[in-house]
Each structure stands twice: as C-alpha cells, then as structure tokens.
Amino acid sequence: MLNRITVQLPVEGLLFWKLSGREAMSESFALTLTLLGTDARLDRSRLLGQPVTVTIPTQSLLTPRYINGKVTR
C-alpha cells in the first residue's frame with residue numbers, strides 16, 4: 215500500500231508499530247523503531263546488525279521517504 219509506513223527486514227513476521235527519535239541539520243540522526251511480532255518464537259538475536267529500511271509516504275504520495283539503518287538492540 216502506498217499510504218502506509220512499511221518496514222523491510224531480512225526476517226518475516228514483523229509489523230510496524232512506532233517510529234520515534236530526532237534528527238537535525240549537521241547531526242547524526244537517532245531513531246527508535248518499534249515492531250510487533252506475529253510469532254512469539256522469533257529469535258530476535260538474528261536481527262542484530264541487520265539492515266532495516268523504513269518507507270514513509272509523503273503528502274504527494276509520489277516520492278516516499280526512505281530511512282535506512284541497522285538493528286542495534
């Protein structure tokens with residue numbers, strides 16, 4: 215869907231819940247991504263160090279915003 219925030223991870227069964235943090239000009243950004251799991255048996259340690267991409271739709275819906283990072287905890 216084009217009007218929803220999506221998360222791309224190398225593990226299935228995780229759904230976007232919340233994104234919070236801060237960013238400023240000439241500073242590193244720090245964001246916290248909260249996900250909900252559909253499988254309680256998911257080995258979360260498999261996610262450490264893995265890349266994650268969050269896709270956020272914009273008002274125009276023509277060019278979404280992409281945020282890339284790595285899972286650190």
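If you're matching positions, the sequence shown starts at 215 in the numbering used here and goes up one per residue. Ideal placement from N, C-alpha and C gives every residue a C-beta, glycine not left out.
Length of the line joining the Cα atoms of Trp231 and Tyr280: 17 Å
Classify Leu247 as buried or exposed, calling it buried when 16 or more other Cβ atoms lie within 10 Å of its own Cβ. buried
Can you tell me where the beta strand (DSSP E) with Arg236 in it begins and where it stops? 228-236
Less than 8 Å separating the beta-carbons of Leu233 and Val268? yes
What residues in its chain sit with their C-beta under 6 Å from that of Pro224, if we drop five residues either side in the sequence? Gln264
Relative to the C-alpha of Ser259, which candidate in Ser240, Arg287, Thr220, Leu229 has its C-alpha closest? Arg287
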